[in-house]
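Note sheet for the following structure.
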Amino acid sequence: MRAAEIVMAAALMALSIYFMVHATVLPIGWARGQGPGGGAFPFWLSLVMLLCAGGILVRELMAAYADRGGHRGFVSRGALRDILIVAGSLLATIASIHVVGAYVAIVGFLVFYLRVMGRARWRTIAALAVATPVVVFFFFEVALRILLPKGITEPLFIPLYAQFF
Amino acid sequence: MFRTALKTAAVAAGVTAALSLVPTTAVQAADWQPNKPVEMVIMAGQGGGADRLARLFQSIIEKNDLSNMPFLPVNKGGGSGAEALRYMKDNAGDAHKVMATLNSYYTTPIRTDIGVDIANYTPLARMAVDTFVLWVNADSGITTLEEFVEAVKAAGGEWKMGGTGTGQEDSLVTAMLEQEFGITFTYVPFSGGGTVAKNLIGNHIDSTVNNPSEQMAFFKAGKSTPIAAFTEDRLQVFPDVPTMRELGHDLVYTMQRSFVGAPDMPDAAQAYYVDLFTKLAATEEWQTYAAEQALLTDLLTGQALQDYFLAEREKHAKLLEALEGGGS
Amino acid sequence: MDVLTLLAEGFVVSLSPLNLAVVIVGVTVGLFIGAMPGLGSVNGVAILLPMTFLVPPASAIIFLAAIYYGAMYGGAISSILLGIPGASTAVATTFDGRPLAQKGKAGLALIAAAAGSFVGGTISVILFTLFAVPLADVALAFGPAEEFALVLLAFTTFVALGGDDVLKTIITIVLGLVLSTVGLDLISGQPRLIFGDLPGFYSGISFLVLAIGIYGVGEILWTIEQTRHKPHVTPARIGVRDLLAGLRSLGGSVKAMLSGSFLGYFVGMLPAAGATPASLMAYGVAKTTSKHPEEFGKGAVEGVVAPETANNAASTGSLLPMLTLGIPGSPTTALLLGGMVMWGLMPGPMLFLEEPEFVWGLISSLYTANFFAVAINLALIPLFVWSLRMPLHVLCAMVIVLCIVGGYAPDQRMHDVWLIAVFGIAGYLLRKLDYPLAPLVLALVLGPLMEKSMRQALISAQGDPMTFIERPISGTFVAIAVVLFLLPLVRRLRRRLAGSGTPASGRTSA
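Residue numbers (the working numbering), protein chains in the order written: chain A, 1 to 165; chain B, 1001 to 1328; chain C, 2001 to 2510.
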């Protein structure tokens, strides 16, 4: 847990420095008769963040020297596996939307997730994998007229457009 | 030099307007029609003037069955339209995307290097031209341009001119005024024309260069006074308001509302959209709306439109140079 | 009473069969759109705007207003059931709505939200009816300096929201503010913090993306970790008896409802402010004035009622400057304004004189819309609660699909979907380390308004910061805000001084 605190504080400090460097593209000072420049807000606020994260870093480091207790793990190994599966499948799904479109990606995600994480029966999985894209299509595309990305599956939808629009 | 630039631009605009009277729909329109819904990319966020207009077009298209597929508005207003311009460029050759433009179509690529050249986009139709008028709060008692210039001078640079974001239309018009009259304003940028109008009536700013539609309601209620119009001719809705030109100042500035397609749009698709927008421009709903909002509706299509865009880009490059180089 | 005759004539319009049907369809559609995480009243009105040509102009506007109303009711549903605020106006509803749902009291929370919305809507419509015209001038008195002071006031809510660790609270507030500056700087017209020129960042980081990421994806990761060894189903059931019990337990929230209604209406009326600060301020007020402030954040009914009352009251309030001045206070009212202009109705000071039939028809339709919204909402509560009885993994899978699709839908950018995943994972890690996340989300909502109004005011005042104190309205607000910021500190200090001898008040960390 303490190691995680230290890593996070360091990461936040790095992030603040990154923001500060980018903020200096615009003036960060107080322009006479105008008030703060365009970079002032992000720059000075990031500096506050840097100082606070630095404070946490120092605090945790000192605590780490003072006592060797507090060795509660950040996550248990089993939970870590679950978290990685969920986060990984989410990222993979989003990446595959670019290629195979939202519908295929969502069905793929549902089948994978429900089988691996949920250990659901195939009957349940099949029902959800069919119902979800149909509901999504009718709610978003037909009723609300919001087109979802189709990727290479675009041609398959042309007859559907002709039917429902 | 600034003034000559304006004059040439005005002449160029006049010539192109004349050319536009010749119908350009020579290509047969029935060759192509969309087989999926058409994305109508809007260069501005939801609720703004450009957005409202695009949604109006969408409903007129649906009401009159002008297209077999619906037009679906998508807002990509980020970075003053930079996002929309990049999106269209990334979808070069796509026949199912049209973009509703405003003047940021030229100003954004000039101001920030986003790697697009509007000469490559496919011109479709210029539906309307919006106009600008100089406004003050009615309580100020100012009614003429001389009184206005007097008052600004007396304020010694503290006269607050409200407008949309820096680098956008209102700030350009403000810069034109500063140059023409040798005066300086404190320019206060707001997020939209409606907010600007409200701040004028609430006396938080001293003057604006709002579009007529944005001030119409306050004008009718006697809360704001139009001083002069930045137009070629007097506006029908304000017959008593002189143009800047009548007053001896050659200041003309307009905001175009056009549609363009992605670069390399197929010719047949271009012909289809030009035909569609030509029909749209003739509908009664559009004509009534435009008249109420004091929009000028000279339709421009095809090459004439492209020439207009390029001439306008030229003009804006000079304006922006004067604005940012001169430093107000 | 002149107003009452006009209102009666308005009811003749709004109770016509067509307008009644339009209201019922409008609130139902709005309810479902609002209940979708990601989609709120703006999207609802924008999407359905072109459909309105099917009916005459007055009915069209009544339809749009009904969608607006329905979506405001619906926003609470995803806040409570999924913990994902559907719109920024419903963020405050998650603070107590989500804990209630986790305790198996989702039905109670939904009833409380519906009842609060109804009361807020009704009181504000009555205020609207009586004081529409004179109050319009108040909205005009609000310039940039006053807007800034108002945002400052809304920021005092942070005091109530922060965690125990002051450094971490400051970090999340500041991070939210910095993220809010991403995109185009309005004042100079230049892009900033666009991370290597990614076009997706040109338009800044939308509040919804962060909220869906943190409360959607982040929450799922959190839930999966917490429930690993005990697969549980939220024991949510609801029957008529629960409904009645729920309504009865609202008795204690009368004060929250009243303060929420008035606060919501007046804050909502101010252009630029709108329903989000209103709901936050109402939550803050409810917490400070409550007899049991310690229950807030852990599932207090008042904590759901107050923001829901306020955001509905504010949505009525924001119609006021739109109708009387033609000033849209929010993107949704801007679209409504657009709709009216499209149909040849020019909002503004003359509208009440030129089109009395339309104006009063619309006002009276707000009464009917409010009535149907609450009725339909209450009728559907069992269905919503039932949806929580899905097995946990099915629910998680559905929420992830909703996050992806709902995150894509508003602006149709894959960029946003990627950001949701990133924010979700980062949010989960921050939460594991006890960084408070609500301040992060709120800072992102209020940040742009704060920076913009502050800089506009300073430019107007030639760079003199005294403008915030010298202007009467702004000065008053700043003073109240300072008092509210200092109050908890003083209280804590006094408690510490008084309690230094007694061991009872041990828990006053940092």
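Where a beta carbon is used, it is the ideal one built from N, C-alpha and C, also for glycine.
Requested in this report: Give the DSSP-derived three-state secondary structure of Glu1158/B in the structure shown.
Outcome: DSSP places Glu1158/B outside both helix and strand once states are collapsed to three, so it counts as coil.
Query - Rounded C-alpha distance that separates Met2072/C from Ile2111/C - result: Near 14 Å, if we compare the C-alpha coordinates of Ile2111/C and Met2072/C.
Query - For Tyr1187/B, the three-state DSSP class (helix, strand or coil) - result: Assigned with DSSP and collapsed to three states, Tyr1187/B falls in strand.
Query raised in the report: If you draw a straight line from the alpha carbon of Ile2080/C to that of Asn2377/C, how long is it in whole angstroms?
Result: The alpha-carbon atoms of Ile2080/C and Asn2377/C are separated by roughly 14 Å.
Query raised in the report: Since Gly2463/C meets chain A, which of its residues come closer than 8 Å, beta carbon to beta carbon?
Result: Within chain A, the residues whose beta carbon sits less than 8 Å from that of Gly2463/C are Trp30, Ala31, Arg32, Gly33, Gln34, Gly35, listed in sequence order.
Query raised in the report: Should the segment 2198-2208 of chain C be regarded as contacting the segment 2433-2450 of chain C, the criterion being three or more beta carbon pairs within less than 8 Å?
Result: The answer is yes - the segment 2433-2450 of chain C touches the segment 2198-2208 of chain C, with three or more Cβ pairs under 8 Å.
Query raised in the report: Rounded to a whole number of angstroms, what is the C-alpha to C-alpha distance between Phe2468/C and Glu1146/B?
Result: The C-alpha of Glu1146/B is placed about 34 Å away from the C-alpha of Phe2468/C.
Query raised in the report: Taking the DSSP output, what are the residues bridged to Ile1042/B?
Result: Bridge partners of Ile1042/B: Asn1075/B, Ala1100/B.
Query raised in the report: Does the beta-carbon distance from Gly1261/B to Thr1122/B come in below 8 Å?
Result: In this structure, Gly1261/B sits near Thr1122/B, with a CB-CB distance shorter than 8 Å.
Requested in this report: Could you spell out where the beta strand (DSSP E) holding Met1127/B opens and where it closes?
Outcome: It spans 1122-1131 - the beta strand (DSSP E) in which Met1127/B sits, taken as one unbroken run.
Requested in this report: Kindly say whether Trp2386/C, judged by its beta-carbon, lies nearer than 8 Å to any beta-carbon of chain A.
Outcome: By this cut-off, Trp2386/C is not an interface position.
Query - DSSP state of Trp1032/B mapped onto helix, strand, coil - result: Trp1032/B falls in the coil class under three-state DSSP.
**Report entry** chain C contact residues for Thr1166/B, given Cβ-Cβ distances below 7 Å
**Finding:** Under the 7 Å cutoff, chain C gives Ile2187, Ser2188, Gly2189.
Query raised in the report: Tell me the DSSP bridge mates of Thr1254/B?
Result: Beta-bridge pairing links Thr1254/B to Thr1131/B.
Query - 8 Å Cβ cutoff met for Pro2436/C and Thr2172/C - result: Yes, the pair counts as a contact, with Cβ atoms nearer than the cut-off.
Query raised in the report: Do you know how far the Cα of Met1127/B is from the Cα of Ala1304/B?
Result: Roughly 13 Å between the two C-alpha positions.
Query raised in the report: Can you name the start and end residues of the beta strand (DSSP E) that Pro2017/C belongs to?
Result: Per DSSP, Pro2017/C belongs to no beta strand (DSSP E); it is in the alpha helix (DSSP H), 2017-2035.
Report task. Kindly indicate if chain A contains any beta-carbon less than 8 Å away from that of His2415/C. Result -> Taking Cβ atoms only, chain A never reaches closer than 8 Å to His2415/C, which makes this a no.
Query - At least three beta-carbon pairs within less than 8 Å, the segment 2425-2433 of chain C to the segment 1141-1159 of chain B - result: Too few Cβ pairs lie closer than 8 Å, so no.
Requested in this report: Taking C-beta pairs closer than 7 Å, name the residues in chain C that Thr132/A reaches, listed in chain order.
Outcome: The answer, in chain order, is Val2401.
Report task. Kindly say whether Arg145/A, judged by its beta-carbon, lies nearer than 8 Å to any beta-carbon of chain C. Result -> With 8 Å as the cut-off, Arg145/A counts as an interface residue toward chain C.
Report task. Report the rounded CA-to-CA distance for Gly2464/C versus Thr1166/B, giving the unit in angstroms. Result -> The displayed chain sequence assigns Asp, not Gly, to residue 2464/C. C-alpha separation (whole angstroms): 21 Å.
Requested in this report: Would you please verify whether the beta carbon of Ile161/A is less than 8 Å from any beta carbon of chain B?
Outcome: According to the sequence as given, residue 161/A is Tyr; it is not Ile. It does: the Cβ of Tyr161/A has a partner Cβ on chain B nearer than 8 Å.
Query raised in the report: Are the C-beta of Phe140/A and some C-beta of chain C separated by less than 8 Å?
Result: Judged by the 8 Å Cβ criterion, Phe140/A is in contact with chain C.
Requested in this report: Go to Pro1226/B, then tell me how far its beta strand (DSSP E) extends in each direction, as first and last residue.
Outcome: 1224-1229 is the extent of the beta strand (DSSP E) around Pro1226/B.
Query raised in the report: Quick one: is Phe165/A near chain B, going by C-beta distance under 8 Å?
Result: Chain B, which has a Cβ nearer than 8 Å to the Cβ of Phe165/A, makes this yes.
Query raised in the report: Listing by chain order, which chain C residues have their CB less than 7 Å from the CB of Ala1317/B?
Result: The contacting residues do not exist; Ala1317/B stays about 16 Å from chain C at best.
Query raised in the report: So, using beta-carbon positions, are Val2119/C and Ser2261/C closer together than 8 Å?
Result: Contact flag set, yes.
Query raised in the report: Who does Lys1319/B pair with in a DSSP beta bridge?
Result: Looking at the sequence itself, residue 1319/B is Leu, so the reference to Lys does not match. For Leu1319/B, which the question treats as bridged, DSSP gives no partner whatsoever.
Requested in this report: Give the interface partners of Arg2192/C over in chain A, defined as CB-CB distance under 8 Å, in chain order.
Outcome: Proximity of chain A to Arg2192/C at the Cβ level (cut-off 8 Å) is accounted for by His22, Ala23, Val25, Leu26, Gly38, Gly39, Pro42, in chain order.
**Report entry** Opposing strand residues paired with Thr1301/B [DSSP bridges]
**Finding:** In DSSP, Thr1301/B forms a bridge with Ala1125/B.
**Report entry** Cβ-Cβ distance between Met1043/B and Gly1077/B below 8 Å
**Finding:** The Cβ atoms of Met1043/B and Gly1077/B lie closer than 8 Å to each other.
Query raised in the report: Beta-carbon separation of Gly2308/C and Gly2116/C under 8 Å?
Result: Correcting the residue identity first, residue 2308/C is Glu in this sequence and not Gly. For Glu2308/C and Gly2116/C, yes; Cβs fall inside 8 Å.
Requested in this report: Identify whether Ser2014/C lies in helix, strand or coil by the three-state DSSP scheme.
Outcome: In the structure shown, Ser2014/C sits in a helix (DSSP, three-state: H, G or I).
Query raised in the report: Cβ of Gly1045/B within 8 Å of Cβ of Asn1075/B?
Result: Contact check for Gly1045/B against Asn1075/B passes: the beta carbons are separated by less than 8 Å.
Query raised in the report: Quick one: Cα of Val2233/C to Cα of Gly1163/B, how far?
Result: With a pLDDT of only 48 at Val2233/C, under 50, the local geometry of the prediction cannot be trusted, and the value read off the model is given with reservation. A direct Cα-to-Cα measurement between Val2233/C and Gly1163/B gives close to 55 Å.
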